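Our numbering puts the first residue of the sequence shown at 563, with every later residue one more than the last.
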Amino acid sequence: MLPAACVIPAYQAADSIAAVVLGVRLHAPELVIIVIDGGSIDATFDAAVASGADHVLRHASNRGKGRALLTGFAHVATLIPAVVAVITMDADGQHDPASLPAVLQALMSADLVLGVRRRRGTSMPLLRRLANGISTRAIAWCAGRPMRDAQCGLRGIRRSLLDRVPHVGERYEAETGFVIRAVRAGAIIAETEIPTRYGPASHFRPLRDAVRVVATIWSHRPSRLPACDFSAPTTTVSSPTGSTA
Numbered sequence: 563m564l565p566a567a568c569v570i571p572a573y574q575a576a577d578s579i580a581a582v583v584l585g586v587r588l589h590a591p592e593l594v595i596i597v598i599d600g601g602s603i604d605a606t607f608d609a610a611v612a613s614g615a616d617h618v619l620r621h622a623s624n625r626g627k628g629r630a631l632l633t634g635f636a637h638v639a640t641l642i643p644a645v646v647a648v649i650t651m652d653a654d655g656q657h658d659p660a661s662l663p664a665v666l667q668a669l670m671s672a673d674l675v676l677g678v679r680r681r682r683g684t685s686m687p688l689l690r691r692l693a694n695g696i697s698t699r700a701i702a703w704c705a706g707r708p709m710r711d712a713q714c715g716l717r718g719i720r721r722s723l724l725d726r727v728p729h730v731g732e733r734y735e736a737e738t739g740f741v742i743r744a745v746r747a748g749a750i751i752a753e754t755e756i757p758t759r760y761g762p763a764s765h766f767r768p769l770r771d772a773v774r775v776v777a778t779i780w781s782h783r784p785s786r787l788p789a790c791d792f793s794a795p796t797t798t799v800s801s802p803t804g805s806t807a
């Protein structure tokens, strides 16, 4: 497998971060685990340290998920140069660490691996299911290629892609813009289906964060960007078993 790190942005996640870190250690013990506490006022930082994360960083105040991811990426680039890929996942336990081997396998032949959540027949809240479907279609339109889930926080990213495609934004819109720019840069994209678990709480603020995401999509509309050469074989699709289609 590729030398890789798992970057976990965490905010008010004292009750869940330990289980996430231990799950990563169980299913992908080779990963360097980096937790970024985004200004929590609970015991998130202490819980991450106690759970055995390799690196635990902390923002003095809540600067958003996008900023926490950027801090994690910069930490990898400056202090862990042997790492050639980064996997991001949420700290609330939504993403099953058992999916990590499939993401790592897909990164062997892709620049960006997108987790694909099952929307039907799952516990995904109805409002989130509708919003995810609409936003994914809009992002796919901007990027110029079909996608099944452009908003999932479980992703695998090659360091070489992070070096040439900027990760811009303070909050959830950072992930939106990155996908569009990665496709436009000719990145090889893979998708892998993942199981998810949804709790009662979410730090996504429907009005404010939705406005940011919509603004990001609008700023990347096709008229603002050069056309891609879609004749090139830039897409692979992986299953949880690591096979491609």
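Ideal Cβ positions, reconstructed from N, Cα and C, are used throughout, including at glycine. Every value quoted in this text rests on a predicted model; they were computed, and no experiment measured them.
Residue closest to residue i, alpha-carbon to alpha-carbon, out of the options
i: S671; options: A590, A576, P591, A749; result: A749
i: P591; options: D599, L666, R699; result: L666
i: Q704; options: S613, A636, I742, L716; result: This sequence places Cys at residue 704; Gln is not what is there. Closest option to C704, Cα to Cα, is I742.
i: I603; options: S578, G706, Y573, A615; result: Y573
i: I596; options: D652, L669, L723; result: D652
i: H657; options: Q713, P565, R699; result: Q713
i: S613; options: A575, G706, R680, T698; result: A575
i: D673; options: G718, A702, G706, P663; result: G718
i: T738; options: R699, A615, R726; result: R699
i: G585; options: R625, P659, A664, S578; result: P659
i: D616; options: G634, D577, R625; result: G634
i: L564; options: D577, L588, V594, I579; result: V594
i: R680; options: A736, T758, G626, V618; result: T758
i: A636; options: D725, F740, T754; result: D725
i: D608; options: D577, G626, T640; result: D577
First through last residue of the beta strand (DSSP E) which encompasses residue i
i: L584; result: Where L584 is concerned, there is no enclosing beta strand (DSSP E), although the alpha helix (DSSP H) it sits in stretches over 579-589.
i: P571; result: 566-572
i: T758; result: That residue, T758, is in no beta strand (DSSP E); it is neither H nor E in DSSP.
i: G677; result: 674-679
i: D599; result: 594-599
i: L619; result: 617-620
i: V648; result: 647-650
Residue i vs residue j beta-carbon contact at 9 Å
i: A581; j: I649; result: no
i: G655; j: S623; result: no
i: P728; j: L631; result: no
i: H589; j: L662; result: yes
i: A644; j: T754; result: no
Whole-angstrom C-beta distance between residue j and residue i, which should lie under 8 Å
i: V638; j: R720; result: No, V638 and R720 are not in contact; Cβ-Cβ is about 12 Å, not under 8 Å.
i: V678; j: A752; result: The Cβ separation is near 10 Å, so there is no contact.
i: A610; j: V583; result: 6 Å
i: L723; j: I756; result: Actually they do not touch by this definition, with Cβ atoms about 20 Å apart.
i: R707; j: V745; result: 6 Å
i: L619; j: I598; result: 5 Å
i: A747; j: G628; result: The Cβ separation is near 19 Å, so there is no contact.
Alpha helix (DSSP H) segment containing residue i, residue limits
i: A612; result: 606-612
i: H637; result: 627-641
i: Q656; result: Looking at the DSSP string, Q656 is not in any alpha helix (DSSP H), and its letter there is neither H nor E.
i: A664; result: 662-668
Within-9 Å CB hit, residue i to chain C
i: R726; result: Absent from the structure is chain C; it holds one protein chain and no more.
Check your understanding: At which residue ranges does the region 693-753 contain complete alpha helix (DSSP H) runs of 4 or more residues, listed in the order of the chain?
Key -> Within the region 693-753, the alpha helix (DSSP H) runs of at least 4 residues that lie entirely inside it are, in chain order, 721-726, 735-746.
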